[in-house]
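Numbering (full-length UniProt numbering) for the sequence shown: 1 to 360. Just so it is clear, CB atoms sit at the ideal spot from N, CA and C, and this is done for glycine as well.
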Amino acid sequence: MADVQQFPESIAELVPKFHVLKLPMVTRFRSITEREVMLFEGPDGWAEFSPFTEYGSVESSRWLQAALEFAGLLPTAEVEPSAVGSAAETVGQSVAVNATLPACATSEVGPILARYGPVGTVKAKVAEHGIDSLPEDWDRLREFRRLFPETTLRLDANAGYALPEALAACTEFAEFDLQYFEQPVAAVEDMARLREQLSARELPVVLAADESIRKAEDPVRVAELGAAEVVIVKVQPLGGIAAARSVLEACGLPAVVSSALESSVGLAAGAQLAATLPRTQRSRELLGEHPACGLGTGRLFAEDVVEPAQSLRPVDGQIPVTRIVPDPQRLETLAVDPGRFDWWEKRLQECWTALLSRRS
């Protein structure tokens with residue numbers, strides 16, 4: 001980012017117009033049934049700013065940096081990808097995505113996954129109520145394996161277990177032939193201890209770090225402690241595509257790009273990063289030649305910012321690498337009420353102030 005002295009104190013000078021939308025979801029996810037997102041346009045196109053409402057301004061300022069860079073409103077120092085071409089060269093390509101199975105009744109497993117069509121990989125959420133969810137999680141996964149015996153399965157606990165509980169859960173879930181288990185525990189140190197315990201028991205469960213990857217230094221620490229073999233990266237939380245590439249290069253671990261439960265505008269940034277991920281021998285061993293990214297979450301929304309045919313909802317397990325232009329009519333019909341708009345306007349300025357302070 002250039003010298004902060006070059007930028008105005010008021011974000012309104014950079015972003016004079018924006019839209020805040022409320023997108024209903026087809027099923028409860030992360031304990032929400034509606035997702036609020038802010039969209040604005042810059043020289044490079046439309047971008048999304050959508051930190052979850054409980055996030056503070058300092059954490060959310062990274063999300064704002066990502067959106068401003070994707071829109072072309074802030075300069076970014078491009079990091080040359082290790083494998084495939086530049087972002088511009090990826091337009092017109094497509095990336096593989098996984099389906100997402102939220103915590104749900106066993107009877108809903110088939111109908112929910114049917115929305116995605118044929119996919120080769122599914123990520124199932126577990127530990128919604130910590131270890132107390134273990135019996136229902138196990139039943140849901142058993143039903144999944146009955147319906148999809150050959151589909152690659154990932155699990156995500158969103159740091160829902162204490163360390164002893166995580167070991168018990170890994171022991172129970174290992175029979176389902178997991179590609180990896182994402183963030184069973186919260187602390188990086190506990191992730192490292194869990195890996196040691198799994199190795200001692202010869203349990204073939206690969207650990208992936210997600211919630212542990214929130215700042216640029218986090219992936220390096222995960223790698224140094226041997227806390228995980230895979231890192232999950234999200235464009236907005238890490239501060240943009242270039243920042244995400246930098247941390248991946250620094251930590252050297254195989255990576256999967258995931259969404260932050262975004263509209264198609266936000267997913268477009270994730271797809272661009274996913275198309276430029278480096279391929280290494282270790283990433284091929286753990287994730288295959290074309291790792292499925294967690295960017296199929298458009299199927300969790302009942303409404304998007306564009307018509308279904310133009311959205312980044314997966315078709316045959318793929319989404320294209322492209323830019324999304326919101327439908328003007330949907331910008332109106334999905335708009336939040338004036339009170340929520342004012343809340344987001346205030347938040348935008350607070351995050352901009354935090355961003356300038358963080359980079360000064």
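query: Contact check, Glu185 vs Leu153, beta carbons under 8 Å; result: Sequence check: residue 185 is Val here, not Glu. Their beta carbons are not under 8 Å apart, which means Val185 does not touch Leu153 by this criterion.
query: Cutoff 6 Å; reference Arg146; Cβ partners in own chain excluding five residues on either side; result: none
query: Exposure of His129, with buried meaning 16 or more beta-carbon neighbours within 10 Å; result: exposed
query: Length of the line joining the Cα atoms of Ile131 and Ile32; result: 21 Å
query: Minimum C-alpha distance to Ala174 - residue among Gly160, Arg193, Gly252 and Leu207; result: Leu207
query: 6 Å CB neighbourhood of Leu355 in its chain, flanking five on each side removed; result: Ser61, Leu64 and Gln65
query: Residue closest to Ala260, alpha-carbon to alpha-carbon, out of Leu141, Arg221, Pro51 and Ala166; result: Pro51
query: Exposure of Ser199, with buried meaning 16 or more beta-carbon neighbours within 10 Å; result: exposed
query: The region 280-295 touching the region 11-18, judged by at least three CB pairs closer than 8 Å; result: no
query: Residue from Glu345, Glu262 and Pro328 whose Cα sits closest to the Cα of Arg35; result: Glu262
query: Identified DSSP bridge partners for Met38; result: Val20 and Phe49
query: Nearest to Gly339 (by Cα), restricted to the options Asp44, Val20 and Pro16; result: Val20
query: Rounded separation between Pro254 and Ser283 - CA only; result: 5 Å
query: Inter-residue Cα distance where the pair is Arg359 and Phe7; result: 11 Å
query: Terminal residues of the alpha helix (DSSP H) in which Asp342 lies; result: Pro338 to Arg358
query: Exposure label - Gly56; buried when at least 16 CB within 10 Å; result: exposed
query: Limits of the beta strand (DSSP E) - the one that Ala99 falls within; result: Ala99 to Leu101
query: Three-state class that DSSP yields for Pro8 in the structure shown; result: coil
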